[in-house]
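Worksheet: one structure, shown below.
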Amino acid sequence: MNYPDIAILNQRFGTPGRIAFRAGEAGLPIAALVNKAGSCEVSLYGGHVLGYRPTGHGPVLFLSKHSLFEPGKPIRGGVPICWPWFGPHPDDKAQPVHGFARLNQWELRATEYTSETTELRLALTDSELTRRVWPYAFELTLRVWLDDKLNLELTTENRDARPFTFTQGFHPYFLVRDIAAVAVHGLANAPFVNRLTGEHGRQEGALVIGAETDRLYTPPEPRCALLDAGLKRTLALAFSGTDKMVVWNPWIEKARAMKDFGDDEYTRMLCLEPANAGEAAVTLAPGQRHALTLSVQATLA
Ligand code: BG6
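Heads up: the sequence shown is residues 4 to 304, going by our numbering.
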């Protein structure tokens with residue numbers, strides 16, 4: 004894979020103290036954004052937020068020590084972008100799980116900053132390669148910006164002459180001290196589909212994780228809070244563009260089976276994933292756009 008020149012990226016898009024580029028693991032170009040409330044790092048490969056640290060806090064996102072940083076392989080942790088399908092391809096199991104957006108180099112479009120915010124804009128457009136697996140013209144843009152939160156906005160534009168339907172999701176891995184001391188609030192009474200069994204259920208009270216969990220929730224409001232008693236930290240999530248959120252923890256057996264994930268790392272993470280999956284799939288007519296957003300704000304107890 005050809006990576007853009009870091010010196011040129013810094014020259015064209017960098018601002019000392021606010022936006023800088025460096026070669027990360029395996030040479031992947033990484034953008035570091037800073038404002039007074041925090042910092043974050045974004046890999047141009049995958050349009051993938053790797054880390055977020057609000058000022059005065061520890062890291063908010065989990066990144067596996069075993070993650071691969073190889074073209075053609077997803078990064079394990081941070082915020083993968085799942086697009087244009089979420090989960091396995093609907094009818095071709097040979098296609099990569101969660102689509103191809105997290106497996107491609109994104110183009111850097113712009114950086115911006117004010118006294119309060121720092122922002123990066125990336126884009127992915129169709130190519131001969133993408134049209135082979137998904138035969139549509141599209142433009143996908145990702146805005147990542149820091150204010151007192153980490154904010155993401157993923158916009159899909161249909162640039163084809165035909166309508167298309169897609170599924171997608173932000174797949175953030177949140178770092179926790181110990182999964183046994185974590186609760187997700189905001190899901191009480193929410194219906195869910197257990198993606199492991201296909202069974203339907205309804206959440207009673209706060210969600211605690213004590214087994215492999217892979218559920219598609221319809222929360223009553225497009226927000227939730229992750230309370231971590233170990234870190235004495237609350238992460239408040241708010242999203243728009245879907246009414247669905249996936250909750251995922253691989254637990255013991257699946258953790259062992261994943262080559263790019265430590266056997267014990269399931270105790271240190273929880274994925275809360277605003278997703279247009281299942282009946283929240285999106286159909287766009289030619290020229291139409293759809294935006295999925297997520298914001299994450301950390302507070303210490
Ligand atoms: C979750 C899915 O979003 O991602 C799970 O609900 C899946 O079914 C998990 O196992 C991880 O996927 P991957 O492809 O990153 O290992």
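The beta-carbon is built from N, C-alpha and C at its ideal position, and this holds for glycine as well.
| Check | Outcome |
| --- | --- |
| Secondary structure of residue 254, DSSP reduced to three states | helix |
| Any non-hydrogen atom of the ligand BG6 closer than 7 Å to residue 274 Cβ | yes |
| CB of residue 146 within 8 Å of CB of residue 160, strictly | no |
| DSSP state of residue 78 mapped onto helix, strand, coil | coil |
| Residue 147 - DSSP class collapsed to helix/strand/coil | strand |
| Distance between residue 64 and residue 270 (C-alpha atoms, nearest Å) | 14 Å |
| Stretch-stretch touch, CB-based, cutoff 8 Å, three pairs: the stretch 75-88 with the stretch 263-283 | yes |
| Buried/exposed call for residue 258, threshold 16 Cβ in 10 Å | buried |
| Local conformation of residue 199 per DSSP, three classes | coil |
| Nearest-residue set for the ligand BG6, Cβ under 6 Å from any heavy atom | 77, 90, 100, 101, 174, 198, 217, 249, 251, 276 |
| Separation of residue 203 from residue 22, as counted between CA atoms | 45 Å |
| Nearest candidate by alpha-carbon position, reference residue 286, set 87, 26, 242, 207 | 87 |
| Which listed residue (150, 9, 92) has its alpha carbon closest to that of residue 301 | 150 |
| Touching by the beta-carbon criterion (3+ pairs, under 8 Å), the stretch 223-237 and the stretch 178-195 | yes |
| For residue 168: DSSP bridge partner residues | 286 |
| Host beta strand (DSSP E) of residue 300 (start-end) | 292-303 |
| Nearest-angstrom Cα separation, counted from residue 277 out to residue 246 | 8 Å |
| Cβ-Cβ separation, residue 50 to residue 84 (assumed contact under 8 Å), whole Å | 5 Å |
| Cβ contact check for the stretch 279-298 and the stretch 171-181: 3 or more pairs under 8 Å | yes |
| Option in 8, 55, 38 with minimal Cα separation from residue 177 | 55 |
| beta-carbon residue 74 near the ligand SAH non-hydrogen atom, thresh 7 Å | Within the structure as shown, the ligand SAH is missing, the only ligands being the ligand BG6. |
| Residue 42 versus 6, 92, 152, residue with shortest Cα-Cα distance | 152 |
| Beta-bridge partners of residue 249, as assigned by DSSP | 219, 276 |
| Per-residue burial, residue 197 [other beta carbons within 10 Å of its own, 16 or more giving buried] | exposed |
| In DSSP terms, what residue 243 is bridged to | 296 |
| Exposure of residue 102, with buried meaning 16 or more beta-carbon neighbours within 10 Å | buried |
| Residue burial classification, residue 214 (beta-carbon count within 10 angstroms, cutoff 16) | exposed |
| Where residue 117 falls: helix, strand or coil (DSSP) | coil |
| Element boundaries [alpha helix (DSSP H), containing residue 16] | 9-16 |
| Limits of the alpha helix (DSSP H) - the one that residue 131 falls within | 131-136 |
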